[in-house]
Each structure stands twice: as C-alpha cells, then as structure tokens.
Amino acid sequence: MIVTTDALFRVAYGKYAVGAYNINNMEQALGLFKGHMEAQAPFIIQISKGARKYAGIPMIEAIIRAAEQLYPDAIYAVHLDHGDEATCYSCIDSGFYSSVMIDASHEPFAQNVAITRRVVERAHARGISVEAELGMLGGVEEDIALDEKHAMLTDPDEAKAFVEQTGCDSLAVAIGTSHGAYKFKGQQSLHFDRIAAIQQKLPGLPLVMHGSSSVPQEEVQRINAAGGALDPSARGVDENEFQRAASLGVTKVNIDTDGRLVWTRVHREYFRDHPAEFDFRKPGAVYMEEYARFIVHKSEKLGSAGELAAVREAVS
Ligand code: G3H
Ligand code: 13P
Ligand code: ZN
C-alpha cells in the first residue's frame, strides 16, 4: 500500500528512521519488497531523475505496482529523489508520488527559498509533501580544518528561516555525510552536536540524511578480489549511529550506494566462479536474495524492523 510520506514520518519521528532506497530495475524492487516484508518494516522507494531516464517513467511505476501485487502487505511511500523544478512538477502531476525532493541547495539561499516555495505550493495543492535541502553535502576528510568542516554543515538558524519561508515538510541537512562510495578517509562520525542544534530550532520537523551508505569494508574487499578496482580506503557512515541520529529527528535515511555494492559483488563473484555461464537469471536470483538480506540488516540498524503493524494501525 502506498501511503503518504508524512504518515510514515508521523509514526517514526524521534523513535526510528525510515530507510529510503533508490530503485532502477525489477531485481532491486523485488529484493526491496521481500526484505521489508521479512523485516516487517515500512520503507520509502526513491526514484531519481537518472532512474526515470534509465527504465522509462511508465516502466519504473509499473515495476512498483507489480511488486505490490506480489507483496500486498507492504507499506511504503514513493518519493522523487534530487528533483529539479520541472521533474518535481511532472511527478506531482502524475499522481503516483507520495512526495518529491526539490534540490536547489546549489543555489544561493534566496533562490533556494523561491524555487522550493513554488514547488511546495504546487505539491500541497495536490496533497503531496516536499523535501528540500539546505547546506552543502560533502566528504568531511581528515585534512580539512575544523572551521571548514563546520562551514559545510547546515546552519541551524538558516534552517529555521528556510523552513519558515518555504513551508517544506522535511529538510535534507548536511551533517557530515556525502554521496557515493568515497565519503571519508579514516574514522569519522556524524556531527551529532549539529543535528541536535538543528532539532532544537526545528522541533518536530523530520530531518533527512542523504549519503547514508556504510560502504562496508568487506564488500569492497570482495569486489576487488573478484576483479573490481574500488578504492580500498573508502569509508561510509557507521550504521550503529543511525538510531542516535533518529532520536534527534533524523527520520529518513537515504541509502543507494550500498545496494549497488551488493549488486556488484554478487555479479562479479558469480561470473568469476562460473566463467562459462551466461544465464543472467542465476546471478539475478542470488542478488535478489542478498539484497533482501541486506534490507533486513539495515532495517534492524535503522530501528524500523518490526514496526509495520504499528504503521498499519496508524494509517488505517
Ligand atoms: O543521490 C543520488 C542517488 O544515489 C541516485 O543516483 O542519480 O545515479 O540515480 P542516480
Ligand atoms: P549514498 O550514496 O550514500 O547511498 O546516498 C544515497 C542518497 O543520498 C540518495 O539520495
Ligand atoms: Zn541524496
């Protein structure tokens, strides 16, 4: 059942974080639904502009509808990830999406406000909620001076003004994470002091953490042992920090890269171990199982595992 993103946030806020996973194809969708049913967890499906282009807009929607027929008890929201203004309007008008993200964080503050405000007005008129972004998501590396690190993070006072002026429903914040497999070098931690300061200014507003993949060392090593060439010093977010972040208002945690690593590991190992094989359904089946297992594990770390019954009661 597709529900509003707001409904999921209302149940989860302050208690656990809802995992938001990008999908591009059938295998990802089936692994995602299977994993969440095993974990009994609500979730958010994210569709990026790249995914809409790759699969085609009707195909990506049909994949989700078909997965729901196979897993009718799943409860989830459908969200546009990193939208520009035109893509947000396309998704709002389609009637398929629960929420959209307008990502105008690269614009100066006033422009970000103006663009976000326009999207919010159009989305709210259709009962769709809006995630906006403020701050510069970036790798926080060891050789960056402390002052520079803090300059890249979302400013709590600006965040308050931004939300008041735009009316956005959730806010993606820069709290020390970045996208992709190469976030950190060496040990890093989320900036909990900054998350707490933002929550203090915006109590009750769901915060969104992008760039939340963990980039497990073991996964990188296995990929490289099977012919890959990923940077072995790559580090991601410590998944044991998810629940502390959730207690401070981080209600949506975006994970894409880690799922791509599962896909890459399974397929590299499969074809390394079966060099004469060319039936792609065989590694595909292994991948769906492994991705479902990965989802169960993430749901436990996010605190969303076992929460489905409470969500069902709240939305019915
Ligand atoms: O943050 C972006 C997501 O990982 C989606 O990536 O734009 O390559 O589909 P994509
Ligand atoms: P990762 O690259 O860390 O998986 O982040 C994904 C993301 O933020 C999607 O919006
Ligand atoms: Zn993102």
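Residue numbers for the sequence shown, in my numbering: 1 to 316. Every residue gets a Cβ at the ideal spot worked out from N, C-alpha and C, and that includes glycine.
For a test of the three-state rule: what should DSSP assign to residue i, helix, strand or coil?
i, result
"residue 217", "helix"
"residue 207", "strand"
"residue 188", "coil"
"residue 46", "strand"
"residue 57", "helix"
"residue 175", "coil"
"residue 136", "coil"
"residue 69", "helix"
"residue 182", "coil"
"residue 106", "coil"
"residue 94", "helix"
"residue 15", "coil"
"residue 269", "helix"
"residue 277", "coil"
"residue 305", "coil"
Tell me the residue span of the beta strand (DSSP E) that contains residue i.
i, result
"residue 154", "That residue, residue 154, is in no beta strand (DSSP E); it is neither H nor E in DSSP."
"residue 81", "76-83"
"residue 252", "250-255"
"residue 321", "Since the first residue shown for the chain is 1 and the last is 316, residue 321 is missing from the structure and cannot be characterised."
Within 10 angstroms of its Cβ, does residue i collect 16 or more other Cβ (buried), or is it exposed?
i, result
"residue 70", "exposed"
"residue 58", "exposed"
"residue 162", "buried"
"residue 277", "exposed"
"residue 240", "exposed"
"residue 35", "buried"
"residue 31", "buried"
"residue 133", "buried"
"residue 282", "exposed"
"residue 188", "buried"
"residue 33", "buried"
"residue 40", "buried"
"residue 27", "buried"
"residue 210", "buried"
"residue 229", "exposed"
"residue 280", "exposed"
"residue 206", "buried"
"residue 233", "exposed"
"residue 227", "exposed"
Can you list, in chain order, the residues of its chain whose CB lies under 8 Å from that of residue i, leaving out five sequence neighbours each side?
i, result
"residue 219", "258, 261, 262, 265"
"residue 200", "156"
"residue 310", "11"
"residue 267", "283, 287"
"residue 196", "248"
Looking only at its own chain, which residues have a Cβ that is under 7 Å from the Cβ of residue i, when we skip the five neighbours before and after it?
i, result
"residue 54", "24"
"residue 191", "153, 175, 176"
"residue 42", "8, 18, 75, 76, 304, 307, 308, 311"
"residue 89", "122"
DSSP beta-bridge partners for residue i?
i, result
"residue 170", "131"
"residue 2", "76"
Could you spell out where the alpha helix (DSSP H) holding residue i opens and where it closes?
i, result
"residue 111", "109-125"
"residue 21", "Careful: residue 21 lies outside any alpha helix (DSSP H), inside the beta strand (DSSP E) at 18-22."
"residue 192", "192-201"
"residue 102", "Counting along the chain, residue 102 falls outside any alpha helix (DSSP H), though it belongs to the beta strand (DSSP E) covering 99-102."
"residue 10", "5-12"
"residue 291", "281-302"
"residue 237", "Looking at the DSSP string, residue 237 is not in any alpha helix (DSSP H), and its letter there is neither H nor E."
"residue 38", "26-39"
"residue 230", "Here residue 230 belongs to no alpha helix (DSSP H), and DSSP marks it neither H nor E."
"residue 309", "308-315"
If you measure from the CB of residue i, is any heavy atom of ligand 4 nearer than 8 Å?
i, result
"residue 45", "Absent from the structure shown: ligand 4. Ligands present: ligand 1, ligand 2 and ligand 3."
Leaving out the 5 sequence neighbours to the left and right, which residues in its chain are closer than 6 Å to residue i when beta-carbon positions are compared?
i, result
"residue 117", "166"
"residue 61", "96"
"residue 136", "152, 174"
"residue 83", "100, 101, 102"
"residue 181", "215, 234, 257"
"residue 254", "20, 210, 212"
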